[in-house]
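The letter at position 8 of the sequence shown is residue 20 when you use the numbering used here, and the numbering goes up by one with no holes.
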Amino acid sequence: MMKYLQKLGKSLMLPVACLPVCGILMGIGYALSPAAMQGGDITGAAAIIGFFLIKAGGALIDNMSWLFAIGVGVGMSDDNDGTAGLAGLVSWLVITNVLASGVIAVITGADPNPAFGKIQNQFIGILAGIIGAACYNKFKSTKLPDFLAFFSGKRSVAIVTAVISLVVSLALFFVWPIVYTGLVALGTGVSGLGAVGSGIYAFLNRLLIPFGLHHALNSVFWFDAAGINDLGNFWGNTGTPGVTGMYMAGFFPSMMFGLPAAALAIIHTSKPEKRKTTAGIMGAAALCAFICGVTEPFEFAFMFLAPALYLVYAVLYGIFAAVSVGLGFRAGFSFSAGLTDLIFSSQLPLAQKVWLILPLGLAAAVVFYAVFRFAITKFDLKTPGREDDDLEAEKNVVLANNDFTKVAEIILAGLGGKGNVTSLDNCVTRLRLEIKDYTAVDEGKIKSAGVAGVIRPSKNSVQVIVGTKVQFVADEMKRML
């Protein structure tokens with residue numbers, strides 16, 4: 013299960029890489045066009061440019077589920093084929109259109125559950141990608157009768173995916189409203205617990221991010237689903253001083269300071285040869301969080317690689333939210349808890365003790381950094397830059413035999429034959445295989461293919477160090493399998 017989650021985490025890196033630039037564009041856009049934040053008139057050249065940047069950044073941020081459907085489809089497929097990405101998109105389109113509020117209203121003849129208005133979320137995108145990849149892996153080599161030969165192989169994948177997605181949609185028709193309604197009820201109960209309640213809410217908000225279900229909670233606290241309307245009352249100056257803003261203020265210290273510090277810890281604990289790449293990803297994610305509160309580029313970069321660390325991350329959010337609210341810090345946002353929103357919300361009548369962001373932020377930075385660094389090194393968590401990938405030295409390995417078909421045949425024989433192999437993947441320099449019977453593996457036979465070495469990480473795992481030509485060997489083995 014853990015290996016499956018780590019593979020899912022790696023597949024998310026493809027769509028996540030699209031997000032940092034969006035957050036930066038939106039942060040600059042809101043700085044140039046503050047009226048856009050409050051729904052005011054957009055006048056003046058700077059404001060128009062800012063509005064343009066906001067829309068450019070929002071184009072991807074607002075359609076993140078599309079990116080996940082395609083990226084997960086490609087990443088979870090056996091050979092990272094684009095057909096699986098297309099299948100993921102097919103699945104997402106089927107599920108979100110079949111379960112759209114308007115369709116549900118026609119089917120049931122009644123007002124649809126509000127849950128179906130939130131069906132286009134990240135969880136559905138990831139689920140669609142998984143469905144698309146699973147259908148691709150299973151049916152990519154399907155052979156149909158001659159009169160249907162055109163739809164054989166990869167062309168059959170989208171058709172099967174659409175059918176499977178309909179079945180999944182039927183299950184979601186019953187399950188999704190229960191989940192959504194339950195979260196709304198939970199949020200309503202938490203709202204009466206004061207500062208502690210705001211901490212619990214912040215914890216649950218982060219915990220539900222991977223599934224896109226945080227929208228259900230947000231509707232309770234930020235909007236008028238249960239009469240709180242924290243966001244609307246704060247910006248409209250219709251709330252209660254000292255109370256309004258308590259479900260937004262707690263996010264600022266963690267998003268602006270805690271998250272960048274955690275990103276720095278991930279950079280510092282990454283492998284030296286991967287630190288530059290990790291710094292590029294984490295640095296951009298940290299900048300997004302600080303400027304405009306876009307946290308997904310950071311969170312999706314590690315939540316599936318190290319789910320236990322993500323749980324700790326959510327707990328830290330909850331703690332600092334409770335402390336911030338308990339000390340009387342009040343601020344609000346119309347987009348998210350970044351510097352841009354802090355600057356503008358600090359001028360509003362219901363903002364209180366905004367200066368506390370400095371000591372709270374400093375404390376959050378220290379705690380997030382220390383906890384992340386300790387947890388990563390103590391438990392050897394596979395955060396970005398620490399994955400069990402190839403060593404730099406392996407890139408210099410030279411395969412002794414350039415007959416890739418022959419090399420693949422020998423390795424496969426050494427593994428006990430294709431019947432003993434349950435899965436095959438590769439990184440930059442290694443073949444990564446899962447096997448049924450470890451006693452059937454002949455390391456001497458594998459090494460006779462001219463490879464650099466064989467590693468046995470666990471009872472049912474085998475890694476073969478091939479070098480940078482590993483893709484050619486992997487392709488031949490996949491053909492044989």
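Glycine included, every Cβ here is placed at the ideal spot set by N, Cα and C.
Keep in mind the model is a prediction, meaning the values are calculated, not measured.
Item	Value
Between L111, R442, F246, F223, which has its C-alpha nearest T480's C-alpha?	R442
Compare the Cα-Cα distances from T252 to each of G85, I293, P361 and report the closest residue.	P361
With the cut-off set at 8 angstroms, would you say M258 and A349 are in Cβ contact?	no
Just how far apart, CA to CA, sit S77 and Y322?	20 angstroms
Compare the Cα-Cα distances from C304 to each of T173, L44, Y16 and report the closest residue.	L44
When the Cβ atoms of the region 172 to 179 are set against those of the region 215 to 232, are three or more pairs found closer than 8 angstroms?	no
How should S23 be labelled, buried or exposed, when 16 other C-beta atoms within 10 angstroms of its C-beta is the threshold for buried?	buried
Do you know how far the Cα of V255 is from the Cα of I278?	36 angstroms
Given that a residue counts as buried once 16 or more other Cβ atoms are within 10 Å of its Cβ, and exposed if not, what is I190?	exposed
Can you tell which of K471, L354, R491 has its C-alpha closest to the C-alpha of A420?	R491
Determine, using beta carbons only, whether F235 and G199 come nearer to each other than 8 angstroms.	no
Relative to the C-alpha of P265, which candidate in S231, T289, F246, T307 has its C-alpha closest?	T307
Closest to K365 by CA distance: which of L351, I142, A146, A343 is it?	A343
What do you get for S282, buried or exposed, if any count of 16 or more other CB atoms within 10 angstroms of its CB means buried?	buried
Does the Cβ of I293 have 16 or more other Cβ atoms within 10 Å, making it buried, or fewer, making it exposed?	buried
Measuring only the C-alpha atoms, how far is Y16 from V337?	38 angstroms
Report yes if the C-beta of M76 is less than 7 angstroms from at least one heavy atom of the ligand GDP; otherwise report no.	The ligand GDP is not part of the structure shown, which contains no ligands of any sort.
Taking Cβ positions, are G270 and A334 nearer each other than 8 angstroms?	no
Among Q134, A122, I116, which residue has its Cα nearest to the Cα of F128?	I116
Which residues in the same chain have their Cβ closer than 6 angstroms to the Cβ of M315, if we skip the five residues on either side of it in sequence?	P222, Y322
Thinking C-alpha only, which one of L139, A275, S168 is nearest C300?	A275
For the region 57 to 68 and the region 121 to 135, state whether three or more C-beta atom pairs, one from each stretch, are separated by less than 8 angstroms.	no
Whose CA, out of V324, L195, A140, lies closest to the CA of F505?	Because the chain spans 13 through 493 in this model, residue 505 falls outside it and cannot be assessed.
Give me the residue from Y148, C147, S168, K150 with the minimum Cα distance to P157.	S168
Going by alpha carbons, who is nearest to L243 out of K430, A326, F345?	F345
Of all the options R218, V110, L79, which has the alpha carbon lying nearest to the alpha carbon of F185?	V110
Return the bridge partner residues of E308 from the DSSP annotation.	Partner(s): none; E308 has no beta bridge.
Note down the Cα distance separating W188 from I138, rounded to an integer number of angstroms.	15 angstroms
If we call anything under 8 angstroms between Cβ atoms a contact, is A326 one with L393?	no
Taking the DSSP output, what are the residues bridged to V196?	DSSP output for V196 lists no bridge partner at all.
What did DSSP end up calling P253 once you bin it into helix, strand or coil?	coil
Within a Cβ cutoff of 7 angstroms, which residues of the same chain sit near T5, ignoring the five residues on either side of it in sequence?	Absent from the model: residue 5. The displayed extent of the chain is 13 to 493, so no value can be given.
Mark A405 as exposed unless 16 or more other C-beta atoms lie within 10 angstroms of its C-beta, in which case mark it buried.	Interpretation of A405 is limited by its pLDDT of 45, a score under 50 that renders its predicted location unreliable; the figure taken from the coordinates is listed afterwards. Exposed, since its Cβ has fewer than 16 Cβ neighbours within 10 Å.
Suppose contacts are defined by Cβ-Cβ distances below 8 angstroms. Is S103 in contact with N149 by that definition?	no
Are the C-beta of K394 and some C-beta of chain B separated by less than 8 angstroms?	The displayed structure is made up of one protein chain only, and chain B is not part of it.
Pick out whichever of D415, A425, P272 has its Cα sitting closest to the Cα of G373.	P272
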